[in-house]
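Undergrad: Its first residue numbered 24, the sequence shown is counted upward by one per residue in the numbering used here.
Note that the Cβ used here is the ideal one computed from N, Cα and C, for glycine as well.
These figures come from a predicted structure and were not determined experimentally.
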Amino acid sequence: MNHQATPEQIHSFQENGFLVVENFLDSTELEHWRQTTQEAVDHRLDSLKNSGGVAGDDVSAAVAEIEENRLKANQADPDGYYSQVFTQCVKLADSHAGMREIMFDSRLGEFVATLAGVDGIRIWHDQALFKPPFGNPTGWHLDNPYWSFSSRQSISIWVALDDATRDNGCMYYLPGTHKTATYQNAGIGKNQADLFKFYPQWRELSSVACPAAAGTAVFHNGLTAHGAGANMTNRPRRAMTCAYMPDGSTFNGVQNILPIKYFESLKVGDVLNDNTINPLIWSNKSTG
Ligand SMILES: O=C(O)CCC(=O)C(=O)O
Ligand SMILES: [Fe+2]
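1. Name the DSSP bridge partner or partners of residue 266?
2. So is residue 10 buried or exposed if we call it buried at 16+ other beta carbons inside 10 Å?
3. Going by DSSP in three states, residue 249 sits in which element: helix, strand or coil?
4. Of the choices 174, 138 and 52, whose alpha-carbon is the least far from that of residue 35?
5. Distance, Cα to Cα, residue 71 vs residue 65?
6. When you measure from the CB of residue 213 to every non-hydrogen atom of ligand 1, does any distance come out below 7 angstroms?
7. Three-state secondary structure (DSSP) at residue 231?
8. When every heavy atom of ligand 1 is checked, does at least one fall within less than 7 angstroms of the C-beta of residue 148?
9. Specify which residues have a beta carbon nearer than 6 angstroms to any heavy atom of ligand 2, listing them in chain order.
10. Can you tell me whether DSSP reads residue 306 as helix, strand or coil?
11. Beta carbon of residue 302, beta carbon of residue 174: below 8 angstroms?
12. Hey, out of 273, 110 and 228, whose CA is closest to residue 161's CA?
13. Thinking C-alpha only, which one of 224, 140, 168 and 209 is nearest residue 33?
14. Quick one: is the Cβ of residue 251 within less than 7 angstroms of any heavy atom of ligand 1?
15. I'd like the list of long-range same chain contacts for residue 217, defined as Cβ closer than 6 angstroms, with 5 residues on each side in sequence excluded.
16. Could you spell out the range, first to last residue, of the alpha helix (DSSP H) harbouring residue 221?
17. For residue 245, collect the residues of the same chain with a Cβ closer than 6 angstroms to its Cβ; drop the 5 residues on either side in sequence, then sort them by chain order.
18. Going by other Cβ atoms of all chains shown within 10 Å of its Cβ, with 16 needed for buried, is residue 154 buried or exposed?
19. Any heavy atom of ligand 1 within a distance shorter than 7 angstroms of the CB on residue 161?
20. Under three-state DSSP, which class holds residue 187?
21. To the nearest whole angstrom, what separates the beta carbons of residue 92 and residue 171, a pair I think is in contact under 8 angstroms?
22. Please classify residue 278 as buried or exposed, where buried requires at least 16 neighbouring CB atoms within 10 angstroms.
23. Counting only the same chain and skipping the five closest in sequence on each side, list residues whose C-beta sits under 7 angstroms from that of residue 322.
24. If I follow the unbroken beta strand (DSSP E) through residue 110, where does it start and stop?
25. Give me the Cα-Cα distance between residue 79 and residue 227, rounded to the nearest whole angstrom.
26. Nearest to residue 264 by alpha carbon, out of 290, 86, 207 and 116?
27. Please classify residue 133: is it buried, with 16 or more other beta-carbons within 10 angstroms of its beta-carbon, or exposed?
28. Quick one: what's got a C-beta closer than 6 angstroms to residue 289's C-beta in the same chain, skipping five residues either side?
Have a look at this one:
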């Protein structure tokens with residue numbers, strides 16, 4: 024794993040709000056991520072289909088709830104637009120030991136913390152995003168407004184498991200938008216351009232396509248405007264992603280993936296530091 028961010032990469036990430044790192048995984052790691060992700064997704068989808076619930080070694084009630092609600096919504100509307108944007112499985116590390124091992128790698132934590140410029144980093148949630156054959160585009164949106172903390176230094180990694188191209192739905196970014204984003208956001212809906220209702224000035228910006236060969240990692244700030252194209256091919260475009268929360272971030276009152284009991288126990292302003300829910304995967308204190 025290419026896990027040392029260079030000063031140029033850090034600078035570019037800070038300025039643009041996104042960064043492409045080619046060959047982030049070597050070929051052995053890529054094969055391992057592919058197999059593990061596919062297995063974890065199959066396992067998740069099977070257990071939802073067969074038992075109506077989420078099976079797993081220690082899957083949390085919160086994951087079960089999130090997945091069940093999403094699956095029900097998709098099943099109720101199988102030809103619905105959103106279900107054809109991507110198959111989305113969150114918190115696979117909670118239900119799959121191999122995925123947990125991948126996600127808890129402190130080298131990943133160090134890389135994203137260094138790009139984000141923070142002293143410690145927690146997992147918000149991992150998420151497999153498989154755009155299906157002939158799948159719909161992912162409309163322009165911001166990530167951080169969906170989450171239960173607000174931080175201008177939140178960050179995500181998006182790893183291509185298949186070559187992501189302009190043909191099959193690679194990522195697109197609007198450079199620098201993390202600097203001017205407020206917390207207004209558009210849902211990922213049918214209108215690609217809904218986000219510009221809130222940020223009309225961003226219409227002036229040229230979007231940047233980020234084709235990514237399998238094994239490439241693309242990073243973005245949680246406030247950088249991004250989306251992905253349609254999949255015009257007959258093969259899936261698979262990506263494994265993880266969203267991260269800077270250590271010390273506090274609860275903002277929004278529900279997203281927190282277990283209900285924990286959510287109900289929180290007051291706005293409480294530090295989100297439960298290691299079973301948001302594991303601290305790297306801190307500059309722990310490594311001296
Ligand atoms: O994979 C996609 O189509 C969208 C990914 C995305 O929005 C994200 O990783 O935050
Ligand atoms: Fe996103």
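TA: This is what the structure gives:
1. 148 and 179
2. Absent from the structure is residue 10, since the part of the chain shown begins at 24 and ends at 311.
3. strand
4. 138
5. 10 angstroms
6. no
7. strand
8. no
9. 164, 166 and 249
10. strand
11. no
12. 110
13. 140
14. yes
15. 209
16. 218-221
17. 166, 167 and 177
18. buried
19. yes
20. strand
21. Wrong, their Cβ atoms sit about 17 angstroms apart, outside the cutoff.
22. exposed
23. The structure shown does not extend to residue 322, since the chain spans only 24 to 311, so no value can be given for it.
24. 110-113
25. Only weak support exists for where residue 79 lies, its pLDDT of 49 falling under 50; the value from the coordinates is given anyway. Distance between the alpha carbons of residue 79 and residue 227: 47 angstroms.
26. 116
27. buried
28. 274
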